[in-house]
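Visitor: My questions will all concern the structure given below.
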C-alpha cells in the first residue's frame, strides 16, 4: 500500500479503515468511505462534510458534533430481550452515542452528522420485527423525521441565517 492510500480517511466518521469499493466522486474529488452508512450520509448532504473556498470549512471540518437525543414512548413495556437486541443493533451504527431505556421508553443519543433518524428507525424496525409483531409500527410512529431533516438542511445550506421555517 502506498503512503497516500494510508492517509485516506472516511469524510463522515474520520476512520482510517476505508472500503475502496465505496467510492463517490464529488466536485471532481474521489471520496472513499468505511461503510455504506457513511457513503449514504455523505451523498445526502455533502456540504456537511466538505467545504469550499467561497463558504469555508464544513461543520465536520470544524469538528462539530451535533448530538441529538430522541425519546420514543411505546404503548407496551419493552421486554428485556428487545432491549438487549435494540441496544446491540443501534450501537452497531456509526454515530450512536448512547442507548437507554425505561419500561416503555427508548432514548437514543446520536451525532446527526454520522447517523440519521432514518438509519435509526430502520435498525429499530429490524430488531423489533425479529422479536415482536406490531412493535415496529409503534417505533416508526415514535420518530419525527421533519425536525431532523429541517435541522440538517439548515446545517448544509451555504448561506447565513438559513431557516427551514
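Numbering (my numbering), first residue to last: 227 to 391.
Here a beta-carbon is modelled for each residue, glycine too, at the ideal position from N, C-alpha and C.
(1) Determine the burial state of residue 255: buried for a count of at least 16 other Cβ atoms within 10 Å of its Cβ, exposed for fewer.
(2) Taking 6 Å as the limit between beta carbons, can you name the residues of its chain near residue 267, skipping five residues before and five after?
(3) Is it right to say residue 249 is buried, meaning 16 or more other beta carbons lie within 10 angstroms of its own, or is it exposed?
(4) Quick check: the Cα distance between residue 321 and residue 312, rounded to an integer number of angstroms?
(5) At which residue ranges does the region 277–354 contain complete beta strand (DSSP E) runs of 3 or more residues, listed in the order of the chain?
(6) Under the three-state reduction of DSSP, which class applies to residue 259: helix, strand or coil?
(7) Which word fits residue 350, buried or exposed, when buried means at least 16 other C-beta atoms lie within 10 angstroms of its C-beta?
(8) Helix or strand or just coil, what does DSSP make of residue 271?
(9) Figure out for me which residue from 294, 292, 257 and 341 has the closest Cα to the Cα of residue 318.
(10) Taking the alpha-carbon positions, what's the residue 252 to residue 380 distance?
(11) DSSP puts residue 249 in a beta bridge; with which residues?
(12) In angstroms, rounded to a whole number, what distance separates the CA positions of residue 291 and residue 276?
(13) Tell me which residues share the same chain as residue 309 and place their Cβ nearer than 6 Å to its Cβ, disregarding the 5 neighbours each side in the sequence.
(14) Pull up the distance between the alpha-carbon of residue 274 and that of residue 356, whole angstroms please.
(15) Short of 6 Å in beta carbon distance, which residues of its chain neighbour residue 236, apart from the five on each side in sequence? Order them along the chain.
Guide: The relevant details are as follows:
(1) exposed
(2) Cβ neighbours of residue 267 beyond the five flanking positions: 238.
(3) exposed
(4) 15 Å
(5) As far as the region 277–354 is concerned, its whole beta strand (DSSP E) runs of at least 3 residues are 293–299, 322–327 and 331–337.
(6) Residue 259 falls in the strand class under three-state DSSP.
(7) buried
(8) coil
(9) Nearest Cα to residue 318 within the set 294, 292, 257 and 341: 341.
(10) Taken atom to atom, the span from the alpha-carbon of residue 252 to that of residue 380 is near 20 Å.
(11) The beta-bridge partner set that DSSP reports for residue 249 consists of 258.
(12) 15 Å
(13) 327
(14) Their Cα atoms are separated by approximately 34 Å.
(15) Excluding its 5 nearest sequence neighbours in each direction, residue 236 has C-beta neighbours in its own chain below 6 Å: 244, 259, 260 and 264, listed in chain order.
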